Amino acid sequence: MLKLLFNSYLLGSIPFAYIFAWQWRKVDIRRIGSENVGTTNVFKQIGVLPGMLTAVCDAGKGIIAVMLGNTLAVGGEFIALPMAMIGHNWPVWLGFHGGGGLATFIGGMLVISKWWIILILLGVWGIAYLVMKSHDRSAFVACSLSPIILGTLHSSWSYFLFGVGSSLVVGIKRLFSIKKNRRLLELNNRVNSV
């Protein structure tokens, strides 16, 4: 089990956003845009093709983690995917400065869930975004609801607990981002009032 945790974390830690940003523009993705080492920041700051490659590779980390978990332990996929997401969000190679974990989560869900349940989760996030107009806050709302959605639609406590674990990984990252953005806004307001 420890080997599964370790390997899933290391797999998730591969910083594709950083790699593709550096290959395309020779920039550190942690220093531009939202400073997030993830798909959305690469799309916005580097371009569509590197953004697509980042999305596919980050989702691939989730897929491989689930497959690895399936082969090593009963129910291992429910442990491997959140560990890969932790690796993605806090990669050892980049001083624990990573992405948000959503693409990795979706990739893993493609293997362990039904496609229409993934669409429901994305729909909840999309509706929350339309209402709140905030990437981080809407993702936090979707995370908060996903354990209930997963547990109910799969009629499974395992999926509920998996949803709790995955939501915590994404939600904690989003809370940090919300706090950071609030501090930047307050600083900007102070500078403008001087």
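In my numbering, the protein residues as written are 2 to 195. Backbone N, C-alpha and C define an ideal beta-carbon position, used for all residues, glycine too. Computed from a predicted structure; not experimentally measured.
Would you mind stating whether residue i and residue j have Cβ atoms separated by less than 8 angstroms?
i, j, result
"G109", "G63", "yes"
"A18", "T40", "yes"
"G140", "L103", "Here the sequence assigns Ala to residue 140, which means Gly is not the residue at that position. In contact: A140 and L103 (Cβ atoms closer than 8 angstroms)."
"P83", "P16", "no"
"G13", "I118", "no"
"R138", "I173", "no"
"N42", "G48", "no"
Rounded to a whole number of angstroms, what is the C-alpha to C-alpha distance between residue i and residue j?
i, j, result
"R183", "S168", "22 angstroms"
"I80", "Y10", "10 angstroms"
"L120", "K4", "32 angstroms"
"R175", "T55", "19 angstroms"
"I150", "N37", "27 angstroms"
"I113", "N8", "19 angstroms"
"L146", "W116", "18 angstroms"
"Y130", "P51", "24 angstroms"
"V192", "D29", "27 angstroms"
Could you give the DSSP three-state label for residue i: helix, strand or coil?
i, result
"W94", "helix"
"M53", "helix"
"A22", "helix"
"V38", "coil"
"V28", "coil"
Restricting to Cα atoms, I'd like to know which of the options is closest to residue i.
i, options, result
"N90", "V75, F106, E78 and L146", "F106"
"W25", "V171, S157, Q46 and G34", "Q46"
"A60", "N42, A22 and L111", "L111"
"L6", "A22, F44, I33 and G70", "G70"
Is residue i near the ligand NAP, judged by its Cβ being under 7 angstroms from some heavy atom?
i, result
"E78", "For the ligand NAP, the structure offers nothing, since it holds no ligand at all."
Could you name each continuous beta strand (DSSP E) segment of 3 residues or more that falls completely within the region 96-159, going from the start of the chain to the end? Those beta strand (DSSP E) runs which fall completely within the region 96-159 and span 3+ residues do not exist here.
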